[in-house]
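Notes for the one structure printed next.
There are 2 protein chains.
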Amino acid sequence: MDIAAYVRDKAIRTKEAARVFGKLLSGVKNEALLKMAEALLAEAETLKHSNEKDVKSAEKKGLSAAMIDRLKLTDRRIGEMAQGLREVAALPDPVGEITRMWQRPNGMQVGRMRAPIGVIGIIYESRPNVTADATALCLKAGNAVILRCGSEALHSNSAIANILRSVLKDMDLPQDVVTYIELPNRDAVLEMLKLEEYIDLIIPRGGEGLIRAVVDNSKIPVIKHYKGVCHVYVDEEADLDMALAICFNAKVQRPGVCNAMETMLVHEKVAPAFLLMIGEKFRQAGVELFGCSHTQALLGEAKPIDENDFYKEYLDLRLNVRVVRDMDQAISHIETYGSHHTDSIVTKDYAKAMRFVREVDSASVMVNTSTRFSDGFQYGLGAEIGISTDKIHARGPMGLEELTCTKFIVLGNGQLRT
Amino acid sequence: MDIAAYVRDKAIRTKEAARVFGKLLSGVKNEALLKMAEALLAEAETLKHSNEKDVKSAEKKGLSAAMIDRLKLTDRRIGEMAQGLREVAALPDPVGEITRMWQRPNGMQVGRMRAPIGVIGIIYESRPNVTADATALCLKAGNAVILRCGSEALHSNSAIANILRSVLKDMDLPQDVVTYIELPNRDAVLEMLKLEEYIDLIIPRGGEGLIRAVVDNSKIPVIKHYKGVCHVYVDEEADLDMALAICFNAKVQRPGVCNAMETMLVHEKVAPAFLLMIGEKFRQAGVELFGCSHTQALLGEAKPIDENDFYKEYLDLRLNVRVVRDMDQAISHIETYGSHHTDSIVTKDYAKAMRFVREVDSASVMVNTSTRFSDGFQYGLGAEIGISTDKIHARGPMGLEELTCTKFIVLGNGQLRT
Numbered sequence: 310m311d312i313a314a315y316v317r318d319k320a321i322r323t324k325e326a327a328r329v330f331g332k333l334l335s336g337v338k339n340e341a342l343l344k345m346a347e348a349l350l351a352e353a354e355t356l357k358h359s360n361e362k363d364v365k366s367a368e369k370k371g372l373s374a375a376m377i378d379r380l381k382l383t384d385r386r387i388g389e390m391a392q393g394l395r396e397v398a399a400l401p402d403p404v405g406e407i408t409r410m411w412q413r414p415n416g417m418q419v420g421r422m423r424a425p426i427g428v429i430g431i432i433y434e435s436r437p438n439v440t441a442d443a444t445a446l447c448l449k450a451g452n453a454v455i456l457r458c459g460s461e462a463l464h465s466n467s468a469i470a471n472i473l474r475s476v477l478k479d480m481d482l483p484q485d486v487v488t489y490i491e492l493p494n495r496d497a498v499l500e501m502l503k504l505e506e507y508i509d510l511i512i513p514r515g516g517e518g519l520i521r522a523v524v525d526n527s528k529i530p531v532i533k534h535y536k537g538v539c540h541v542y543v544d545e546e547a548d549l550d551m552a553l554a555i556c557f558n559a560k561v562q563r564p565g566v567c568n569a570m571e572t573m574l575v576h577e578k579v580a581p582a583f584l585l586m587i588g589e590k591f592r593q594a595g596v597e598l599f600g601c602s603h604t605q606a607l608l609g610e611a612k613p614i615d616e617n618d619f620y621k622e623y624l625d626l627r628l629n630v631r632v633v634r635d636m637d638q639a640i641s642h643i644e645t646y647g648s649h650h651t652d653s654i655v656t657k658d659y660a661k662a663m664r665f666v667r668e669v670d671s672a673s674v675m676v677n678t679s680t681r682f683s684d685g686f687q688y689g690l691g692a693e694i695g696i697s698t699d700k701i702h703a704r705g706p707m708g709l710e711e712l713t714c715t716k717f718i719v720l721g722n723g724q725l726r727t
Numbered sequence: 310m311d312i313a314a315y316v317r318d319k320a321i322r323t324k325e326a327a328r329v330f331g332k333l334l335s336g337v338k339n340e341a342l343l344k345m346a347e348a349l350l351a352e353a354e355t356l357k358h359s360n361e362k363d364v365k366s367a368e369k370k371g372l373s374a375a376m377i378d379r380l381k382l383t384d385r386r387i388g389e390m391a392q393g394l395r396e397v398a399a400l401p402d403p404v405g406e407i408t409r410m411w412q413r414p415n416g417m418q419v420g421r422m423r424a425p426i427g428v429i430g431i432i433y434e435s436r437p438n439v440t441a442d443a444t445a446l447c448l449k450a451g452n453a454v455i456l457r458c459g460s461e462a463l464h465s466n467s468a469i470a471n472i473l474r475s476v477l478k479d480m481d482l483p484q485d486v487v488t489y490i491e492l493p494n495r496d497a498v499l500e501m502l503k504l505e506e507y508i509d510l511i512i513p514r515g516g517e518g519l520i521r522a523v524v525d526n527s528k529i530p531v532i533k534h535y536k537g538v539c540h541v542y543v544d545e546e547a548d549l550d551m552a553l554a555i556c557f558n559a560k561v562q563r564p565g566v567c568n569a570m571e572t573m574l575v576h577e578k579v580a581p582a583f584l585l586m587i588g589e590k591f592r593q594a595g596v597e598l599f600g601c602s603h604t605q606a607l608l609g610e611a612k613p614i615d616e617n618d619f620y621k622e623y624l625d626l627r628l629n630v631r632v633v634r635d636m637d638q639a640i641s642h643i644e645t646y647g648s649h650h651t652d653s654i655v656t657k658d659y660a661k662a663m664r665f666v667r668e669v670d671s672a673s674v675m676v677n678t679s680t681r682f683s684d685g686f687q688y689g690l691g692a693e694i695g696i697s698t699d700k701i702h703a704r705g706p707m708g709l710e711e712l713t714c715t716k717f718i719v720l721g722n723g724q725l726r727t
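One line per chain: the protein sequences are U and E, in this order. To convert, note that position 108 of the first sequence is 417 in my numbering; the numbers rise steadily by one, no gaps. To convert, note that position 64 of the second sequence is 373 in my numbering; the numbers rise steadily by one, no gaps.
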């Protein structure tokens, strides 16, 4: 089989479908999303049947229980996918929004209008919900998607994609706006990443290995998120009770996600009192602490830290603690070891808060709140297709707006350039 | 010599300098730009002396007169570079601007603040003015630059970069925010394009060959502009006198630039009258016409067109003319053969104007005005570092805003995630 031709042909058809789809009004797009939600629920048995094949082969391959759990489609999860589609249908359509318009001295009106990007390639691992979630967001913003998932979830995702496509077909809409690359081998991905003529953007979702492989091989722009090494800096002017609640929330509320705190930085003036307070709370919660020598002197249970630990994303009940001289040292630590994802200061000092916000070079910079809020839903974007730690196009949680571009529109009445 | 180590070392130092520079307030950045303008004027003799070496070796190599002319530094051109620096100093600083801020139900304020991108790599051909112009814009937006020019202008650009660096040094600012890759060989560029850890964005400026080579080899995001195949569609409802003036302006006012019209599309109902009118004007201006069979029947002098001609960017007094059935065919032509740069409709019909604006998928879409307005200065951006025909990050003329990113800022008072 000619893999390059197979992938190229799919991409060409997706691009053609995107041209038609990008011009549709919201009403039609929303109707399609709502019907897709119904269809997923109606076909729940088919979906679970396809999913069983994936689960069985995963068990045969000896994949971890956690991975198999992520792979599983239950009635509850199918219900959540349908609900997700409905929620995206209810969001305002970003396409056609004129974000600004101004008049030039010659009377021309110049403005910026949101437009679909075109074709978005989603490359992801084994969570079947991504198929429905990512498709919903891309379609709502007038884009087409080319989906490529890990081989573990091939049957499940192919079944989901087929259901979504059949809804489009029934509505006489171009079904190739949802395109699924079924070939399980890696070459199909490599071919896909060469097609800059037909695919406008790649969003990889998964572990760091997958994402690096995509970036290394793509000629198409990639928006990515390698990892979240998030910090909370407890300033000398912090309300220590607030700092305790925020640090505890940032570490313990859900340690396995990218916006959980991995390193706590504490000003030396408040370190003796604060570490005593929070040490006890962390102990009760089973948090394992790794501390600098100063921390260790104050908090006996902290294990010694190696400098390389400061780069680590634990995604677990483990925490680095470092006592710092001042805010400059805290900012410098964040710049050196952080992943520019989300960093927060706890302080009552106005000038320090403002300087931290301005100077910390991260996708989300916070004052007096938990890093766990770094999330599209929590920010009020209504949805999230991922978090970008890039600086180009999208930075931080990405909602519908980040799935559009803006074009210039110019309304004249006969102006000529002289 | 270890080229990889040389380039890497330069990039690391640029990244370090960028961290310091990104935090500077506008006053300091503006002072540096104004002093750079003065220094270029003061060192005009040195500059012309260095430039002579480039010009002589270009003559020896037998480069075309046009290329040698672009390479030449005269007092006037040095004056223009200085003036460019002053104009950028006078523009508002985009850094720190909060573009939006909203309150969440829990009382958190969430907003977006403009921040520098970091390190921007500029890869360009032989125009020495790019060194000063691109540096000014990047520095104003708080970024550092790594400059790499074609070997033809090596001495000139190195001299300019050294003058800019000496100003930074005198002001005790990190001079590595202006870094110049002096190695003339291609390997240096290839090494540069691998350094995604230290360089955040690449902007290539030059011919299509250069840009394709950069895209093919870069792991760093690239913002680019391949070519400008711009259209004017003269609708059946056009004011034909206005259409004539606009089409003439779009083709003839400056044919050698990317926003000049390359193909004129004319509705069949007005084609007989309109082609007669404009045919005469184009003849007087020496415009060579290539027409579809319908055009040829109406306008004897039009040469037959080959379908491939519709993809061409002539950059010259040549024009394709096609008679179309209706606006749908015009839009479809633009989608198929255009470069998504700038396209304009001439019509008195409100509904058609609005539909053209919404449906044409180009960086600039215009009504009743000349494509020649597609330009950062004409749009009122105050400056232009290039035009993007990409959809990611920047589309159309790119000003200072496109040299920044936005980060999320979150101002809380103790909010926790539950």
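Idealized CB from N, CA, C, for every residue including glycine. Predicted, not measured: the structure shown is a model, and the values here were computed from it.
*Assuming E:LEU456 contacts E:ALA470 under a Cβ cut-off of 8 Å, what Cβ separation, rounded to an integer in Å, is found between them?*
6 Å
_Option in E:LYS612, E:ILE654, E:LYS536, E:GLY595 with minimal Cα separation from E:HIS576_ = E:ILE654
*For U:ASN339, which residues of its own chain have a beta-carbon under 7 Å away from its beta-carbon, when the five flanking residues on both sides are left out?*
ALA398
*Give the range of the beta strand (DSSP E) segment to which E:VAL669 is assigned.*
No beta strand (DSSP E) contains E:VAL669, which DSSP labels as neither H nor E.
*Identify the continuous alpha helix (DSSP H) that holds U:GLY393 and give its terminal residues.*
384 to 399
*Applying a beta-carbon distance threshold of less than 7 Å, which residues of chain E neighbour U:ARG328?*
GLU644
*Rounded to the nearest angstrom, how far is the Cβ of U:SER435 from that of U:LEU380, given a contact under 8 Å?*
5 Å
*Can at least three beta-carbon pairs, one atom from the region 530 to 543 of chain U and one from the region 690 to 703 of chain U, be found at a separation below 8 Å?*
yes
*Just list the alpha helix (DSSP H) runs in the region 335 to 382 of chain U, keeping only unbroken ones of 4 residues or longer that don't cross its boundaries, in chain order.*
335 to 351, 353 to 369, 374 to 380
*asked:* Which residues in chain U have a C-beta closer than 8 Å to the C-beta of E:SER673? List them in chain order.
replied: LYS716, PHE717, ILE718, VAL719
*Can you round the beta-carbon distance between U:GLY393 and U:ALA441 to whole angstroms, since I take them to be within the 8 Å contact cut?*
6 Å
_Endpoints, the beta strand (DSSP E) within which E:GLN412 is located_ = 407 to 412
_What does the alpha-carbon distance come out to for the pair E:VAL561 and E:ILE555?_
10 Å
*Return the CA-CA distance between U:ARG521 and U:LEU626, expressed in angstroms with no decimal places.*
26 Å
*Step through the CB atoms of chain U and report whether any lies within less than 9 Å of the CB of E:ILE431.*
no
*Just by C-beta distance, which residues in the region 672 to 704 of chain U are closer than 8 Å to chain E?*
ALA672, SER673, VAL674, MET675, VAL676, ASN677, THR678, SER679, ARG681, PHE682, SER683, GLN687, TYR688, GLY689, ASP699, LYS700, ILE701, HIS702, ARG704
*Exposed or buried, E:SER641, counting other C-beta atoms within 10 Å across all chains shown (16 or more means buried)?*
exposed
*Where DSSP assigns a beta bridge to E:GLU597, which residues make up the other side?*
E:ARG627
*Are the Cβ atoms of E:THR651 and E:CYS539 separated by less than 9 Å?*
yes
*Name the DSSP bridge partner or partners of E:GLN724?*
U:THR678
*Interfacial residues, the region 330 to 351 of chain E to chain U, with Cβ spacing under 9 Å*: GLY331, LYS332
_Along the region 508 to 531 of chain E, where does the CB come closer than 7 Å to a CB of chain U? Name the residues._
ASP509, LEU510, VAL524, ASP525, LYS528, PRO530
*Contact under 9 Å by Cβ, U:ILE345 with U:VAL454*: Going by the sequence as given, residue 345 of chain U is Met instead of Ile. For U:MET345 and U:VAL454, no; Cβs fall outside 9 Å.
*Between E:GLY331 and the rest of its own chain, which residues show a CB-CB distance below 6 Å, the 5 nearest in sequence each way excluded?*
PRO425, GLY451
*Sequence-distant residues of the same chain with beta carbon closer than 7 Å to E:LYS362, five excluded per side*: HIS464
*Three-way DSSP call (helix, strand, coil) for U:TYR688 in this model*: coil
*Below 7 Å CB to CB, which residues in the same chain sit around U:ARG681 once its five sequence neighbours on both sides are set aside?*
ASN558, ALA559, GLN562, ARG563, ASN568, ALA569
*Could you pull out every residue in the same chain whose Cβ sits closer than 7 Å to the Cβ of E:GLY595, ignoring the five residues on either side in sequence?*
LEU626
_Could you tell me the alpha carbon to alpha carbon distance between E:SER683 and E:VAL669, rounded to whole angstroms?_
15 Å
*Counting along the chain, where does the beta strand (DSSP E) carrying E:TYR542 start and finish?*
539 to 543
*For E:GLU693, does the count of other Cβ atoms within 10 angstroms reach 16, so buried, or fall short, so exposed?*
buried
*Please list the segments of the beta strand (DSSP E) lying wholly inside the region 627 to 663 of chain U, counting only runs of 3 or more residues, in order along the chain.*
627 to 633, 651 to 655
*Backbone secondary structure at U:GLU506 - three-state DSSP*: coil
_Paired residues, beta bridge with E:THR323 - DSSP_ = Partner(s): none; E:THR323 has no beta bridge.
*Report the neighbours of E:ILE426 on chain U: residues whose CB is nearer than 8 Å to its CB, in chain order.*
LYS700, ILE701
_Quick check on U:ILE373: buried or exposed, where buried means 16 or more other Cβ atoms within 10 Å of its Cβ?_
The identity of residue 373 of chain U in the sequence shown is Ser, whereas the question assumes Ile. Exposed: under 16 other Cβ atoms inside 10 Å.
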